[in-house]
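A.B. asks: Pasting a structure here, questions to come.
Protein chains: 2
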Amino acid sequence: MRIVVASCQVDYAGRLTAHLPMAKRVLMIKSDGSVLIHSDGGSYKPLNWMSPPCSIREGTSEDGQLEWIVTATKADGTLRILIDEVHHDSSHDLGVDPGLQKDGVEKHLQELLAEHPATLADGLTLVRREFPTAIGPVDLMCRDASGLSVAVEIKRRGEIDGVEQLTRYLELLNRDPLLTTKGQVRGIFAAQEIKPQARVLAADRGIACAVVDYDALRGMDDAEHRLF
Amino acid sequence: MRIVVASCQVDYAGRLTAHLPMAKRVLMIKSDGSVLIHSDGGSYKPLNWMSPPCSIREGTSEDGQLEWIVTATKADGTLRILIDEVHHDSSHDLGVDPGLQKDGVEKHLQELLAEHPATLADGLTLVRREFPTAIGPVDLMCRDASGLSVAVEIKRRGEIDGVEQLTRYLELLNRDPLLTTKGQVRGIFAAQEIKPQARVLAADRGIACAVVDYDALRGMDDAEHRLF
DNA sequence: AAGTGGATTTCGGAA
DNA sequence: TTCCGAAGTCCACTT
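Here you go:
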């Protein structure tokens, strides 16, 4: 890992073309050849970058300025960095990172709801998780107290796309005579928060919405485990 | 902008919980308080980070190790960085960045297709760009040789969502008697590449697909400009 | 201010 | 390997 602080101008040509006027910035050059150009603001996304794998050719421009040409190995695209003044330049051997361990979000939510389907609607019981259909698995397939099949789509944030997705599942499921013996398959759209537009679309499609309290579910789960 | 190279362990708790075991990494601390933790690999996304605005409290852990607690000002979430050894620490005044100037992608594609609608289908002529509807503007509204209205949705990459979007537009447009005097409004889904699933859904909805050659269109445009 | 759609998205899992 | 959906997405633009 090489870190350079320099006054530089950057030009990118690839999927789009972009330009950064001359200014003082931080250049991070990783050992795989990738380059990140950061300013003192914004979020974690660099102003400009080149994704690995890529190679750097260090040279001199027509004006005699230091110039880096970064080219992608597999994709197309070139990053040209013109350096006016180097304020800092250091290299560091970091070794291979052990990597990030993260705990789940949507997957965990699905697990919790699979264990507590009645929180979605009274009398709901689980038939199976990841119920397969021709266009993909339905998150939860349940049955209600009256024996009707209920398809549940789970999202962290409930937006219009999720309702569309569940609608497609329902169209397909309602053609299955085995699922519709007691009547049409119901749909429940479950999420930690549901956007107004999604709610309206769901209502229009006859799909119920269920706002899920993740923390409460976790609490229920913990309480249950404590019993055993 | 402060840059620290250190052996550190990181724990994040917020929307999810995540952990980074002790290892040598680069810490980038921007003047707005945001922190990026980079390893010598991956892409531009840091292993872990805290988005601005946030504040950093430097302290000492129970074990007497240097500890940074980064807390988000508005959102919830905490990043705890335990530092075992500092290998490098420098600060740099970068000033405000003039910012990235980028040239278009989808917008440019829309402009090009607006100028050359016949590349989408023979005899197609433009009625207007950004044709307004109650649920948002249709990218291009055209008319074919037989006088039928044609709604065009343009994407860089054609995926299932785009077909859904165009479907919603078509449902709405087909209720407009002014547009349907000669018959139902046709739909064309135009993109540089169209995913198989999107293609299948489009076919099911009676929507035509058009794969757009961006470079060829640019070429046509250049050639045209040369005539004048 | 909140919502919506695109991204040089990146990242992970499944087919 | 490729495809597809989710993201602590970020980001710009619209309502």
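Residue numbers (the UniProt record's numbering), protein chains in the order written: chain A, 1 to 228; chain B, 1 to 228.
All C-beta atoms in this analysis are idealised placements derived from N, C-alpha and C, irrespective of residue type, glycine included.
1) Kindly indicate the opening and closing residues of the alpha helix (DSSP H) around residue 200/A.
2) Should residue 67/B be flagged as near chain A, meaning a C-beta pair shorter than 8 Å?
3) So which residues of chain B does residue 53/A contact, with C-beta pairs closer than 7 Å?
4) In angstroms, rounded to a whole number, what distance separates the CA positions of residue 228/B and residue 12/A?
5) Residues in the same chain with beta-carbon distance under 7 Å from residue 166/B, minus the five sequence neighbours each way, listed in chain order, please.
6) Measure from the C-beta of residue 238/A to each C-beta in chain B and report whether the shortest distance is under 8 Å.
7) Can you tell me which residues form a DSSP beta bridge with residue 187/A?
8) Tell me the DSSP secondary structure of residue 21/B in three-state form.
9) Select from 95/A, 124/A, 20/A the residue whose C-alpha is nearest the C-alpha of residue 145/A.
10) Does residue 27/B get closer than 8 Å to chain A when you measure Cβ to Cβ?
11) Secondary structure at residue 62/A, three-state DSSP: helix, strand or coil?
12) Could you pull the start and end residues of the beta strand (DSSP E) that residue 89/B belongs to?
13) Does any CB atom of chain B fall closer than 8 Å to the CB of residue 169/A?
14) Rounded to the nearest angstrom, how far is the Cβ of residue 117/A from that of residue 140/A, given a contact under 8 Å?
15) Leaving aside the five residues before and after residue 160/B along the sequence, list all residues of the same chain whose C-beta is less than 8 Å from its C-beta, in chain order.
16) Going by DSSP, which residues form a beta bridge with residue 10/A?
17) Mind checking the segment 1-16 of chain A against chain B and listing, in chain order, the residues whose C-beta falls within less than 9 Å of any C-beta there?
18) Would you report the Cα separation of residue 115/B and residue 126/B, rounded to the nearest angstrom?
19) What is the rounded straight-line gap between the Cα of residue 77/A and the Cα of residue 15/A?
20) Does DSSP put residue 50/A in a helix, in a strand, or in coil?
21) Where residue 56/B and residue 32/B are concerned, what is the direct C-alpha to C-alpha distance, given to the nearest angstrom?
22) Kindly indicate if chain A contains any beta-carbon less than 8 Å away from that of residue 33/B.
23) What does the alpha-carbon distance come out to for the pair residue 136/B and residue 210/B?
24) Does DSSP put residue 96/A in a helix, in a strand, or in coil?
25) Taking the alpha-carbon positions, what's the residue 171/A to residue 128/B distance?
26) Please report the straight-line C-alpha distance between residue 28/A and residue 147/B, rounded to a whole angstrom.
27) Using 8 Å as the limit for Cβ to Cβ distance, is residue 77/B near chain A?
28) For the structure I just gave you, are there three or more beta carbon pairs, one from the segment 43-61 of chain B and one from the segment 43-51 of chain A, closer than 8 Å?
29) Could you tell me the alpha carbon to alpha carbon distance between residue 182/B and residue 53/B, rounded to whole angstroms?
30) Put residue 161/B into one of helix, strand or coil per three-state DSSP.
31) What residues from the segment 87-102 of chain B come within 9 Å of chain A, judged by C-beta to C-beta, listed N to C?
32) Can you have a look at residue 51/B and say buried or exposed, based on whether 16 or more other CB atoms are within 10 angstroms of its CB?
33) Apply the 10 Å Cβ neighbour rule to residue 226/A and answer buried if 16 or more other Cβ atoms are within range, or exposed otherwise.
34) Residues in its own chain within less than 7 Å of residue 82/B by CB, not counting five upstream and five downstream?
35) Output, in chain order, the set of chain A residues within a Cβ distance shorter than 8 Å of residue 47/B.
36) What's the C-alpha gap between residue 101/B and residue 39/A?
C.D. replies: So, to answer that:
1) Segment 196-204, the alpha helix (DSSP H) holding residue 200/A.
2) no
3) Per Cβ cutoff of 7 Å: no residues; residue 53/A is ~11 Å from chain B at best.
4) Residue confidence is low: residue 228/B scores 46 on pLDDT, short of 50, so the model does not pin down where it sits. Its coordinate-derived value is still stated next. Between residue 228/B and residue 12/A, the C-alpha separation is close to 30 Å.
5) Cβ-Cβ distances below 7 Å link residue 166/B to 151, 153, 187, 189, 207 in the same chain, with the five nearest sequence neighbours on each side left out; the list follows chain order.
6) Chain A is shown from 1 up to 228; residue 238/A falls before or after that span and cannot be answered.
7) 151/A
8) strand
9) 124/A
10) For residue 27/B, the answer is no, since every Cβ of chain A falls outside 8 Å of its Cβ.
11) coil
12) 78-91 is the span of the beta strand (DSSP E), which, as asked, contains residue 89/B.
13) no
14) 7 Å
15) 195, 197, 198, 201
16) 20/A, 81/A
17) 1, 3, 5, 10, 12, 15, 16
18) 8 Å
19) Rounded to whole angstroms, residue 77/A to residue 15/A spans 7 Å at the Cα level.
20) strand
21) 10 Å
22) no
23) So the alpha carbons of these two residues sit roughly 22 Å apart.
24) coil
25) 35 Å
26) 57 Å
27) No, no contact with chain A.
28) yes
29) 56 Å
30) Correct three-state label for residue 161/B: helix.
31) 87, 88, 90, 92, 93, 94, 95, 96, 97, 98, 99, 100, 101, 102
32) buried
33) Caution applies to residue 226/A, whose pLDDT of 46 falls short of 50 and renders its modelled position unreliable; the model cannot decide the point.
34) 8, 9, 61, 65, 67
35) 97, 99, 100
36) Approximately 14 Å between the Cα atoms of the pair.
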